[in-house]
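Undergrad: Got a structure here, written out as structure tokens. Questions coming.
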Amino acid sequence: MVVFTVMKPSTPRALRGPLHPVRPVVALVLGAVLVTSACGQATPSPGAPTPAGDGGTAASSAPASSAGDAGAGGETVTAGGVRLEATMAPGGPEAGSTGAGIAAAPGLVVDYTLTNTGTKPVLASDVVPADLGSATLPADVDLKHAWVYEQSGVLRLGKQGFAPGPNVRFAAAPVMGGHTIAPGASITGKAYAVSPPTLDVPSESFEAPRTPVDPGVKQWQLCVQVDDRTAQARPSAVGGGVVEAPSKAPQGDELVCTPPATIPVA
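To convert a position in the sequence shown, counted from 1, into our numbering, add 24.
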């Protein structure tokens, strides 16, 4: 066995705006490595909108059995055995709040409902840590956090995992948070982006979009990774039914996205 020492890149995370300060990644990761080949996963099949490169992931490629207006400012898509309903609205800071996040900063807030329309339990990776890379989910994780990037001219709020970059190894697999959803059951949640929107993705240890978000972008969509890895999910320190599972890039129809819609103006 050959042992290599692998460090996370010291390059700061992508710009997150004044309320999401950039923090250098300084953690050391030591691991036993048997091979040194890249471990990135295959790019999901193209969907609508089509991928724009920079490690971006595609929208669900499964034929949507229904997609359209879910009410004022809302969108619905049914694909891959789940139905995703989402509505975006401007959100203001809550009185007395400090720090970053939905409670302290004006931005764009998405309310969503995800329903399992299939016959087997599914895992929804809809709890996104502030920094992907830890082997456990922090107890104080912001349940409203989402990755924010631009995909083919559309502002995407993504609740999803990403593949490690080439030749990046971790001593223990980084985790995403989420929920298991029984057949016929639903979960609800929120996703948040500062306004004007800025890029918010994992560090360069992961294959993720790197192109800055156009602050004048006009359309939005919500994407949630849903797959059948319920056997890999374990309870997390967050409680309240939140589980954690190893992060992976969505494959095929595992990334379920609402149709692009116009960003509302306050």
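Heads up, the beta-carbon is just placed ideally off N, CA and C, and yes, glycines get one too. For clarity, every value in this text was computed on a predicted model and none was experimentally measured.
#1: Taking the CB atoms as reference points, tell me whether Pro226 and Val237 lie closer together than 8 Å.
#2: Which word fits Tyr216, buried or exposed, when buried means at least 16 other C-beta atoms lie within 10 angstroms of its C-beta?
#3: Applying the criterion that 16 or more other CB atoms from any shown protein chain within 10 Å of the CB defines a buried residue, is Lys144 buried or exposed?
#4: Hey, out of Leu246, Val199, Gly240, whose CA is closest to Gly185's CA?
#5: Can you round the beta-carbon distance between Gln249 and Glu278 to whole angstroms, since I take them to be within the 8 Å contact cut?
#6: Which residue or residues does DSSP assign as beta-bridge partners of Pro259?
#7: Give every residue of the same chain whose Cβ lies closer than 8 Å to the Cβ of Lys214, excluding the five residues on either side of it in the sequence, and list them in chain order.
#8: Should Arg107 go down as buried or exposed, given a rule of 16 or more other Cβ atoms within 10 Å for buried?
#9: Are the beta-carbon atoms belonging to Ser229 and Gly157 less than 8 Å from one another?
#10: What residue range does the beta strand (DSSP E) around Arg180 cover?
#11: My assumption, with CB atoms under 8 Å, is that Cys247 sits in contact with Val218. Please give the rounded CB distance.
#12: Using DSSP with H/G/I as helix, E/B as strand and the rest coil, what is Gly276?
#13: Whole-angstrom Cβ separation of Asn140 and Ala196, contact assumed at under 8 Å?
#14: To which residues does DSSP link Lys214 through a beta bridge?
#15: If you follow the beta strand (DSSP E) that Thr100 is in, where does it begin and where does it stop?
#16: Of the choices Ala290, Ile287, Val266, whose alpha-carbon is the least far from that of Asp150?
#17: How is Thr254 classed by DSSP in three states: helix, strand or coil?
#18: For Ile211 and Ala110, I'd like the C-alpha separation in whole angstroms.
#19: Can you check which of these residues, Thr286, Pro283, Gly263, Pro270, is closest to Val165 by C-alpha distance?
#20: In this structure, how does DSSP classify Glu174 when only helix, strand and coil are distinguished?
#21: Between Ala187, Gln175, Thr254, Val178, which has its C-alpha nearest Val146's C-alpha?
#22: Compare the Cα-Cα distances from Gly240 to each of His203, Pro288, Val152, Ala257 and report the closest residue.
#23: Nearest to Thr204 by CA position, among Thr282, Gly276, Leu161, Ala269, is which residue?
#24: Apart from the five residues just before and just after Ser260, which ones in its own chain have a Cβ nearer than 7 Å to its Cβ?
#25: Using a 10 Å radius around the Cβ and a threshold of 16 neighbouring Cβ atoms, would you call Gly104 buried or exposed?
#26: For Lys272, I'd like the list of residues in its chain whose CB is within less than 6 Å of its CB, leaving aside the five on either flank, ordered along the chain.
#27: Would you list, in sequence order, the uninterrupted beta strand (DSSP E) runs of no fewer than 3 residues that lie entirely inside the stretch 197-241?
#28: Lys183: buried (16+ other C-beta within 10 angstroms of its C-beta) or exposed?
TA: In brief:
#1: Your numbering for residue 226 matches position 202 in the sequence shown. Your numbering for residue 237 matches position 213 in the sequence shown. The Cβ-Cβ distance between Pro226 and Val237 does not fall below 8 Å.
#2: Taking the first residue of the sequence shown as position 1, residue 216 is located at position 192. Counting Cβ neighbours within 10 Å, Tyr216 comes out buried, since at least 16 surround it.
#3: Along the sequence shown, read from residue 1 onward, the residue named residue 144 stands at position 120. That one is exposed.
#4: Counted from its first residue, the sequence shown places residue 185 at position 161. If you compare the alpha carbons of Leu246, Val199, Gly240 with that of Gly185, the shortest gap goes to Val199.
#5: By 1-based counting over the sequence shown, the position of residue 249 is 225. By 1-based counting over the sequence shown, the position of residue 278 is 254. Beta-carbon to beta-carbon, Gln249 and Glu278 are separated by about 6 Å, close enough to satisfy the 8 Å threshold.
#6: Translated into the one-based positions of the sequence shown, residue 259 becomes position 235. Residue pairing by DSSP places Pro259 opposite Val267 in a beta bridge.
#7: Numbered from its first residue, the sequence shown carries residue 214 at position 190. Spatial neighbours of Lys214 in its own chain (CB-CB distance under 8 Å, excluding positions within 5 residues in sequence) are listed in chain order as Ile126, Val133, Val134, Asp135, Tyr136, Leu167, Lys168.
#8: If you number the sequence shown from 1, residue 107 lands on position 83. Looking at its Cβ environment, which holds 16 or more other Cβ atoms inside 10 Å, Arg107 is buried.
#9: On the sequence shown, position 205 is the one that residue 229 refers to. On the sequence shown, position 133 is the one that residue 157 refers to. Yes, these two residues count as a Cβ contact at 8 Å.
#10: Within the sequence shown, numbered from 1, the residue matching residue 180 stands at position 156. In the DSSP assignment, Arg180 falls within the unbroken beta strand (DSSP E) covering 178-183.
#11: Along the sequence shown, one-based indexing puts residue 247 at 223. Along the sequence shown, one-based indexing puts residue 218 at 194. Not confirmed; about 18 Å, so no contact.
#12: Against the sequence shown, residue 276 aligns to sequence position 252. Helix at Gly276.
#13: Residue 140 sits at position 116 when you count from the first residue of the sequence shown. Residue 196 sits at position 172 when you count from the first residue of the sequence shown. The beta-carbon distance between Asn140 and Ala196, rounded to whole angstroms, is 29 Å. This is too long to meet the 8 Å contact definition.
#14: Reading the sequence shown from its first residue, position 190 is the one you call residue 214. BP columns for Lys214 point to Asp135.
#15: The sequence position of residue 100 within the sequence shown is 76, counting from 1. Element bounds for Thr100: 98-103.
#16: Locating residue 150 in the sequence shown gives position 126, counting from the first residue. When only C-alpha atoms are compared, the closest one is Val266.
#17: What you label residue 254 is simply residue 230 of the sequence shown in a count that begins at 1. DSSP, reduced to helix, strand and coil, places Thr254 within a helical segment of the structure shown.
#18: Your numbering for residue 211 matches position 187 in the sequence shown. Your numbering for residue 110 matches position 86 in the sequence shown. Roughly 12 Å separates the two Cα atoms.
#19: The residue labelled residue 165 in the question sits at position 141 within the sequence shown. When the alpha-carbon of Val165 is set against those of Thr286, Pro283, Gly263, Pro270, the nearest one is in Gly263.
#20: Position 150 of the sequence shown holds residue 174. In the three-state reduction of the DSSP assignment, Glu174 falls in the strand class.
#21: For this step, residue 146 is matched to residue 122 along the sequence shown. Closest option to Val146, Cα to Cα, is Thr254.
#22: Against the sequence shown, residue 240 aligns to sequence position 216. Of the candidates His203, Pro288, Val152, Ala257, the one whose C-alpha sits nearest the C-alpha of Gly240 is Pro288.
#23: Here residue 204 refers to the residue found at position 180 of the sequence shown. When only C-alpha atoms are compared, the closest one is Ala269.
#24: Taking the sequence shown and counting its residues from 1, the one referred to as residue 260 is at position 236. So the list reads Leu161, Gly201, Val266, Val267, Glu268, once near-sequence residues are dropped.
#25: Position 80 of the sequence shown, counted from the first residue, corresponds to residue 104. By the neighbour-count rule (16 or more Cβ atoms within 10 Å), Gly104 is buried.
#26: Locating residue 272 in the sequence shown gives position 248, counting from the first residue. Excluding sequence neighbours, Lys272 sits near Gly185.
#27: Those beta strand (DSSP E) runs which fall completely within the stretch 197-241 and span 3+ residues are 199-205, 210-218.
#28: Looking up residue 183 in the sequence shown gives position 159. Under this definition Lys183 is a buried residue.
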